[in-house]
Amino acid sequence: MLKVALTHDVDRTRKSYQYVTGVVKNAIKGKLSDAWYHLTSRFKKEPYWNMYDIAALEDSYGVRSTFFMLDESIKFNPLKPATFALAKGRYDLLEPKIQEAVRYLDANGWEIGLHGSFLSYNNKELLAKEKARLESIVGHPVYGTRQHHLNMDDTTWKIHEDLGFQYDSTWGSNYHMGWVDGKIKPFHPHNNTFTVFPLSVMDVCFMPDPKRWEKLDKLMDEAEEHDAVVVVNFHQRVYNEKEFPGHRAAYIRIIESALQRKGVVAPLNRFYEEYSAKTSAPAV
0 MLKVALTHDV
10 DRTRKSYQYV
20 TGVVKNAIKG
30 KLSDAWYHLT
40 SRFKKEPYWN
50 MYDIAALEDS
60 YGVRSTFFML
70 DESIKFNPLK
80 PATFALAKGR
90 YDLLEPKIQE
100 AVRYLDANGW
110 EIGLHGSFLS
120 YNNKELLAKE
130 KARLESIVGH
140 PVYGTRQHHL
150 NMDDTTWKIH
160 EDLGFQYDST
170 WGSNYHMGWV
180 DGKIKPFHPH
190 NNTFTVFPLS
200 VMDVCFMPDP
210 KRWEKLDKLM
220 DEAEEHDAVV
230 VVNFHQRVYN
240 EKEFPGHRAA
250 YIRIIESALQ
260 RKGVVAPLNR
270 FYEEYSAKTS
280 APAV
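Per numbering that gives the first Met the number 0, the very first residue in the sequence shown carries number 0; after that it's consecutive.
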């Protein structure tokens, strides 16, 4: 049976410097109506605030997903330009608006996981702090994680396990669709129940690929053949069609494709419960 896990990395919930870059990029291309949209969008509904819209969409199909919440602590340093994109437009996990959305999702069948911050992949103390803050909002342990930018090293999974996470879904590529190093099935890196779910479909790789639907069909075939899970990650900010044309429609098509195959479409914790009961998942 086909298994598809829907996930969303919640990196940004508000537009920031994109108000300017959107105007400039579209003006250069001669797309004046789009440039005008970006100029005036500052005075309209926040275009990057989409968690409730995603929930309503998924609910209409009778499916649920995992939302990985980010607690980024990097501050913008003018002497370090790379910190600009990491810092600007981020949200405070303890904002009332964020807490309300997280609690709503958690109470209505969606899974809340931790999107470990940019520097937390090898910093146990920092990741523990982020986990505790998120757990203070939902009122129960958080068991799933994925690192921001898919950052990881040889210490990351041990840190995850030590902090009480049951699974991670960082293993994947920022550059292409598919399985990394041939790892298709969920696996146990430490020969215990801590499970890694390979990420195989991410919006930043999926949308630019001219053969994306052909490749997705192949991934679904392979997952079904090997009793694996197709893990999909569409960032929550991309569901505004004016900001990210085609993304919402593509996400809907992915859900419909899985359901047409009579697949199970669910959050990652649903599949963790299934795979943790098995002993056949290979070690690294």
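Idealized CB from N, CA, C, for every residue including glycine. Keep in mind the model is a prediction, meaning the values are calculated, not measured.
Supposed close pair residue i, residue j - CB separation, criterion 8 angstroms
{"i": "Y271", "j": "T194", "result": "6 angstroms"}
{"i": "Y90", "j": "R13", "result": "7 angstroms"}
{"i": "V305", "j": "G245", "result": "No information on residue 305 is available, as it lies outside the stretch 0 to 283 that the chain covers here."}
{"i": "L149", "j": "G171", "result": "6 angstroms"}
{"i": "I254", "j": "E221", "result": "Their Cβ separation, rounded to whole angstroms, is 19 angstroms, which puts I254 and E221 out of contact at 8 angstroms."}
Residue i to residue j span [Cα, whole Å]
{"i": "E85", "j": "H114", "result": "Contrary to the premise, residue 85 reads as Leu rather than Glu in this sequence. When rounded, the distance between both Cα atoms is 14 angstroms."}
{"i": "L5", "j": "K74", "result": "30 angstroms"}
{"i": "S279", "j": "E160", "result": "Legend: pLDDT at S279 = 49, less than 50; position of this residue unreliable, no value from coordinates given."}
{"i": "R211", "j": "L93", "result": "37 angstroms"}
{"i": "H7", "j": "Q235", "result": "6 angstroms"}
{"i": "Y166", "j": "D105", "result": "18 angstroms"}
{"i": "M151", "j": "H225", "result": "26 angstroms"}
{"i": "Y18", "j": "P46", "result": "The predicted position of Y18 is uncertain, since its pLDDT is 47 and thus under 50; a value taken from the coordinates is nonetheless stated next. About 11 angstroms."}
Cβ pair residue i, residue j closer than 8 angstroms
{"i": "A265", "j": "V62", "result": "yes"}
{"i": "D202", "j": "N232", "result": "yes"}
{"i": "S119", "j": "E129", "result": "yes"}
{"i": "R260", "j": "L1", "result": "yes"}
{"i": "G143", "j": "G112", "result": "yes"}
{"i": "A100", "j": "Y51", "result": "yes"}
{"i": "S295", "j": "S116", "result": "As displayed, the chain neither begins before 0 nor continues past 283, which places residue 295 out of reach and without an answer."}
{"i": "D68", "j": "L133", "result": "It is Met, not Asp, that sits at residue 68 in the sequence shown. Yes, the pair counts as a contact, with Cβ atoms nearer than the cut-off."}
{"i": "N121", "j": "T155", "result": "yes"}
{"i": "V200", "j": "M176", "result": "yes"}
{"i": "Q98", "j": "I136", "result": "yes"}
Option in the options with minimal Cα separation from residue i
{"i": "P185", "options": "A222, H246, P197 and K241", "result": "P197"}
{"i": "W178", "options": "H159, P188 and K214", "result": "K214"}
{"i": "E242", "options": "W48, L5 and H7", "result": "W48"}
{"i": "V229", "options": "D70, L218 and K157", "result": "L218"}
{"i": "Y174", "options": "A227, K157, M206 and V237", "result": "M206"}
{"i": "L267", "options": "E45, F66 and A54", "result": "F66"}
{"i": "A257", "options": "G181, E223 and V237", "result": "E223"}
Item to check | Those runs of the alpha helix (DSSP H) which lie wholly inside the segment 179 to 259 and span at least 4 residues | outcome: The segment 179 to 259 contains these whole alpha helix (DSSP H) runs: 202 to 205, 211 to 225 and 246 to 259.
Next on the checklist: Which complete beta strand (DSSP E) runs does the segment 112 to 192 hold, if anything under 3 residues is left out?
Outcome noted: Counting only runs of 3 or more, we get 143 to 146.
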